[in-house]
Amino acid sequence: MVKKNLMVSLLDFYVMVEKTGASSQFYDKFNTRYHISFILEQLWKFEYFKDDLKRIAQKLQTFFVRLIARMLNDTTYLLDESLNHLHIIGSCQREIASRANGNPPSNDDSDEDLQEKLADSERIAKSFVSLTNKTILLFNLFTEKTPRSFTIVEIVDRLAGMLNYNLVALVGPKYNELKVKDPEAYQFKPSELLFQLSSIFINLSNEQPFVDAVARDQRSFDPECFKRAIKILYKVGKVPGPEFESRLITFVERAEQVQKEDEEEEMELGDIPDDFLDPLMYTLMKDPVKLPHSKISMDRSVLKAHLMNDPTDPFNRTPLRLEDVDDDVELKQRIQAFIKERKAAMKEDKDGDSVMK
């Protein structure tokens, strides 16, 4: 009986610890989840618990989505804070060394302020980096076993954005800002973190919604970063075999193709009327719904993602559930008519060009 309920109980505790009622609950949850993650990592050595996770993901979909949302929130915050404090540590270390060599200060911080800033960031980094490592590992393990669960509309865009952003941080032009003395003193192992991130991309590479989401991420998606990642992983001996590289390269090529198709569609549509754009994401709405209190229309997928973390109307903060909204049928029909009209006009222009030739 204990074995049967162990996995779901641990995952449920992972979700529930979000709110403890204590004034320090925001930070308390990270420490608790660290220990839960450690236990889950040990359970992963047994096939029974791997299969149990897949069963939970399939049968308790709403619960599992909430779990993924919590993991995603943690990873986004912890990884961002970890990299920020590593940047501060490196900056302080370089400034202290420069002053020790007799160079004039490059900023207004006193020597005492520098040491204090360094100590504060070292303390935070040691905690947050270790927490980040555990959460990223869970993502890798879980996406390998049940990849489709990570492609639902509520979370796939945020997940893709988080992975793209941090891949750029690890291999992009600003990586040198993360260089610190003795990185392992802070549990910072950039090559291992890069391997884990790359593995998550590979685990989800056969899921078209994830490929589409990666391609949609205009802020961070950079095919060159994937190529640099492979080179770095080869250099440090982290590529487990040729299939690893081929799957990652194939994934990037598919995402590039989707990106190209999206750009062509944007050109076909031209300027889109403001009332056809989602008011939060400024993207063309596909499934508009009207909110009961603010009377504002927004895309259902964007609303679902918002409600995962905040069950309120995003425009006036009144309580809101997904089942309270109404389909905006009239707006959807106008959007569909607009798309049809623009595509027909583009086709007519292309046909005209062909005749002229």
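Residue numbers (full-length UniProt numbering): 1 to 357. Cβ coordinates follow ideal geometry from the N, Cα and C atoms, glycine included.
Open item on the list: Please state whether the Cβ-Cβ distance between Tyr165 and Ser220 is less than 8 Å.
Closed with: Reading the sequence shown from its first residue, position 165 is the one you call residue 165. Reading the sequence shown from its first residue, position 220 is the one you call residue 220. Yes; because the gap between Cβ atoms is below 8 Å, this pair is in contact.
Task: Cβ shell of Arg247 (< 7 Å), same chain only, five flanking positions each side left out - done: Mapped onto the sequence shown, residue 247 falls at position 247. Counting only Cβ-Cβ distances below 7 Å, and skipping sequence neighbours, we find Ile202, Ser205.
Open item on the list: Can you tell me whether Thr312 is helix, strand or coil according to DSSP?
Closed with: Start at 1 with the first residue of the sequence shown, and residue 312 comes out as number 312. DSSP places Thr312 in strand when its eight states are reduced to three.
Open item on the list: Report the start-end ranges of each alpha helix (DSSP H) in the region 125-195 that is 4 residues or longer and not cut off at the edges.
Closed with: 156-171
Open item on the list: Run through the DSSP bridge pairs and tell me what Val289 is partnered with.
Closed with: One-based indexing of the sequence shown puts residue 289 at position 289. According to DSSP, which records beta bridges pairwise, Val289 is partnered with Met298, Asp327.
- [ ] Name the one or two DSSP bridge partners that Pro319 has.
- [x] Numbered from its first residue, the sequence shown carries residue 319 at position 319. Beta-bridge pairing links Pro319 to Thr312.
TODO: Count the other C-beta atoms from every protein chain shown that fall within 10 angstroms of the C-beta of Arg52, then say buried if there are 16 or more, exposed otherwise.
DONE: Numbered from 1 along the sequence shown, position 52 holds the residue referred to as residue 52. According to the sequence provided, residue 52 is Asp. The question's Arg does not apply to it. Buried, since its Cβ has 16 or more Cβ neighbours within 10 Å.
- [ ] Give the straight-line distance between the Cα atoms of Phe195 and Ser82, rounded to the nearest whole angstrom.
- [x] Counting from one through the sequence shown, the residue named residue 195 turns up at place 195. Counting from one through the sequence shown, the residue named residue 82 turns up at place 82. Their backbone Cα atoms lie some 17 Å apart in a straight line.
Task: Inter-residue Cα distance where the pair is residue 401 and Phe244 - done: The chain is shown only over 1 to 357; residue 401 falls outside these bounds and no answer can be derived.
Task: Beta-carbon proximity of His87 to Leu167, cut-off 8 Å - done: Within the sequence shown, residue 87 is the residue found at index 87, counting from 1. Within the sequence shown, residue 167 is the residue found at index 167, counting from 1. No.
Task: Classification of Lys29 by the beta-carbon crowding that lies within 10 angstroms, buried from 16 upward - done: Locating residue 29 in the sequence shown gives position 29, counting from the first residue. That one is buried.
Task: Residues near Leu320 in its chain [Cβ-Cβ closer than 8 Å; skip 5 each side] - done: The sequence position of residue 320 within the sequence shown is 320, counting from 1. Excluding positions up to five away in sequence, the list reads Leu291, Pro292, His293, Leu307, Pro311, Thr312, Asp313.
Task: Start and end residues, alpha helix (DSSP H) containing Gln25 - done: Here residue 25 refers to the residue found at position 25 of the sequence shown. Its alpha helix (DSSP H) spans residues 25-43.
- [ ] Check whether the Cβ atoms of Ser121 and Ile89 lie closer than 8 Å to each other.
- [x] The count along the sequence shown starts at 1 and reaches residue 121 at position 121. The count along the sequence shown starts at 1 and reaches residue 89 at position 89. In contact: Ser121 and Ile89 (Cβ atoms closer than 8 Å).
TODO: Grab me the residues of Val252's own chain with a C-beta within less than 7 Å of its C-beta, minus the 5 sequence neighbours each way, in chain order.
DONE: Counted from its first residue, the sequence shown places residue 252 at position 252. Counting only Cβ-Cβ distances below 7 Å, and skipping sequence neighbours, we find Pro223, Phe226.
Task: For Phe142 and Arg99, the rounded distance between their alpha carbons - done: Position 99 of the sequence shown, counting from 1, holds the residue named residue 99. Position 142 of the sequence shown, counting from 1, holds the residue named residue 142. About 47 Å.
Task: Where the alpha helix (DSSP H) through Lys235 begins and ends - done: For the purposes of this step, residue 235 is taken as the residue at position 235 of the sequence shown. Run containing Lys235: 223-235, per the alpha helix (DSSP H) assignment.
Task: CB contact flag (Asp271, Asp299, <8 Å) - done: By 1-based counting over the sequence shown, the position of residue 271 is 271. By 1-based counting over the sequence shown, the position of residue 299 is 299. Against a cut-off of 8 Å, the Cβ pair of Asp299 and Asp271 comes out as no contact.
Open item on the list: Output needed for Lys126: all residues of its chain with C-beta closer than 8 Å, excluding positions within five of it in sequence on either side, in chain order.
Closed with: The count along the sequence shown starts at 1 and reaches residue 126 at position 126. Result list for Lys126: Ala185, Tyr186, Gln187, in chain order.
TODO: With a 10 Å radius around its C-beta and 16 neighbouring C-beta atoms as the bar for buried, classify Gln85 as buried or exposed.
DONE: Along the sequence shown, read from residue 1 onward, the residue named residue 85 stands at position 85. Residue identity check: residue 85 is His in the sequence provided, not Gln. Looking at its Cβ environment, which holds 16 or more other Cβ atoms inside 10 Å, His85 is buried.
Task: Residue from Phe276, Arg94, Gly102 whose Cα sits closest to the Cα of Leu114 - done: Here residue 114 refers to the residue found at position 114 of the sequence shown. Leu114 has its Cα closest to that of Arg94, out of Phe276, Arg94, Gly102.
Open item on the list: Given a cut-off of 8 Å on the beta-carbon distance, is the pair Ser37 and Thr135 in contact?
Closed with: The count along the sequence shown starts at 1 and reaches residue 37 at position 37. The count along the sequence shown starts at 1 and reaches residue 135 at position 135. For Ser37 and Thr135, yes; Cβs fall inside 8 Å.
Open item on the list: Excluding the 5 residues flanking Val325 on each side, which residues of the same chain have their C-beta closer than 8 Å to its C-beta?
Closed with: Along the sequence shown, one-based indexing puts residue 325 at 325. So the qualifying residues of the chain are Val289, Lys290, Leu291, Pro292, Arg300, Leu303.
Task: Cβ neighbours of Ile155 in the same chain (closer than 8 Å, five flanking residues each side left out) - done: If you number the sequence shown from 1, residue 155 lands on position 155. If we look at Ile155 and ignore the five residues flanking it on each side, its Cβ neighbours are Val65, Ile68, Ala69, Leu72, Ala305, Met308.
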